[in-house]
């Protein structure tokens with residue numbers, strides 16, 4: 001049972017570099033999310049996609065872009081990475097916008 | 001703006017003791033979730049509470065919901081070391097996406 005799969009699991013970037021975090025779910029869920037988790041800050045929503053073809057900003061969208069490629073896939077792009085974006089990123093999906101979230105394993109990103 | 005507050009944020013307790021984590025939220029919510037996160041791991045769903053008075057139990061954990069008080073509790077009975085983790089509650093304001101609490105880091109000492 002794959003559930004929600006994120007890649008890569010670990011990444012080190014230099015300031016100014018770009019990268020894309022990939023997320024795919026195999027549960028036929030409509031809604032997908034990207035969160036970041038920092039020590040002492042809990043989970044903060046970056047962007048979400050309530051359904052295929054739509055994306056919306058969350059609490060901390062600055063410096064990020066997203067693409068809902070199809071129903072299964074939701075990617076997060078950092079165009080010009082900054083040290084403040086060092087964090088653990090979680091992708092999640094749910095059947096609907098108020099539904100139970102299923103999380104990926106997380107992607108640990110370090111920006112030097 | 002919906003606020004979700006957990007109390008306490010840090011809890012250190014001994015094995016065998018009972019304790020309760022509280023989750024207060026500021027506006028009407030359709031449902032409430034509890035999640036568990038082990039260090040360095042992802043979040044896993046523990047409970048989904050759908051209505052006022054709902055109570056769910058799994059092993060030594062029991063969750064309840066009082067929508068009138070806008071309060072959920074997660075009660076730990078006779079704690080064991082394996083329950084050491086961070087616990088998050090999350091609520092859904094009307095037809096909106098989940099909002100998480102800050103998390104409660106629970107440490108259970110032998």
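Residue numbers (this note's numbering), protein chains in the order written: chain P, 1 to 112; chain B, 1 to 110. Idealized CB from N, CA, C, for every residue including glycine. All values derive from a computational prediction rather than experimental measurement.
Residue i in three-state terms, based on DSSP
{"i": "residue 81 of chain B", "result": "helix"}
{"i": "residue 93 of chain B", "result": "strand"}
{"i": "residue 17 of chain P", "result": "coil"}
{"i": "residue 85 of chain P", "result": "helix"}
{"i": "residue 57 of chain P", "result": "strand"}
{"i": "residue 31 of chain B", "result": "strand"}
{"i": "residue 76 of chain P", "result": "strand"}
{"i": "residue 26 of chain B", "result": "coil"}
{"i": "residue 56 of chain B", "result": "strand"}
{"i": "residue 102 of chain B", "result": "coil"}
Residue i versus residue j - alpha carbon distance
{"i": "residue 25 of chain B", "j": "residue 70 of chain B", "result": "6 Å"}
{"i": "residue 6 of chain P", "j": "residue 92 of chain P", "result": "9 Å"}
{"i": "residue 64 of chain P", "j": "residue 4 of chain P", "result": "20 Å"}
{"i": "residue 33 of chain B", "j": "residue 61 of chain B", "result": "14 Å"}
{"i": "residue 98 of chain P", "j": "residue 19 of chain B", "result": "29 Å"}
{"i": "residue 57 of chain B", "j": "residue 45 of chain P", "result": "29 Å"}
{"i": "residue 27 of chain B", "j": "residue 66 of chain B", "result": "13 Å"}
{"i": "residue 24 of chain P", "j": "residue 98 of chain B", "result": "20 Å"}
{"i": "residue 89 of chain B", "j": "residue 4 of chain B", "result": "8 Å"}
{"i": "residue 75 of chain P", "j": "residue 48 of chain P", "result": "10 Å"}
{"i": "residue 29 of chain B", "j": "residue 7 of chain B", "result": "19 Å"}
{"i": "residue 2 of chain B", "j": "residue 90 of chain P", "result": "22 Å"}
{"i": "residue 55 of chain B", "j": "residue 74 of chain B", "result": "10 Å"}
{"i": "residue 37 of chain B", "j": "residue 86 of chain B", "result": "5 Å"}
{"i": "residue 80 of chain B", "j": "residue 21 of chain B", "result": "16 Å"}
{"i": "residue 11 of chain P", "j": "residue 81 of chain P", "result": "12 Å"}
{"i": "residue 104 of chain P", "j": "residue 53 of chain B", "result": "31 Å"}
{"i": "residue 94 of chain B", "j": "residue 110 of chain B", "result": "42 Å"}
Residues that DSSP places opposite residue i in a beta bridge
{"i": "residue 22 of chain P", "result": "P:7"}
{"i": "residue 75 of chain B", "result": "B:20, B:62"}
{"i": "residue 44 of chain B", "result": "B:36"}
{"i": "residue 2 of chain P", "result": "Answer is none; residue 2 of chain P lacks a bridge partner."}
Among the options, the one whose alpha carbon lies nearest that of residue i
{"i": "residue 50 of chain B", "options": "B:92, B:6, B:102, B:110", "result": "B:92"}
{"i": "residue 60 of chain P", "options": "P:102, P:8, P:41", "result": "P:41"}
{"i": "residue 50 of chain P", "options": "P:32, P:36, P:38", "result": "P:32"}
Residue i beta carbon near the ligand ADP (any heavy atom closer than 6 Å)
{"i": "residue 72 of chain B", "result": "Only the bare structure without any ligand can be found here, which leaves the ligand ADP out of the picture."}
With three or more beta-carbon pairs closer than 8 Å as the criterion, would you say the region 10 to 22 of chain P touches the region 102 to 109 of chain P?
yes
Problem set entry | Residues of the region 24 to 38 of chain B with Cβ closer than 7 Å to any Cβ of chain D, in chain order | The chain inventory of the structure shown lacks chain D, comprising the protein chains P and B.
inquiry  = When you compare the region 64 to 83 of chain P with the region 3 to 17 of chain B, are there three or more beta-carbon pairs, one atom per stretch, that lie closer than 8 Å?
reply    = no
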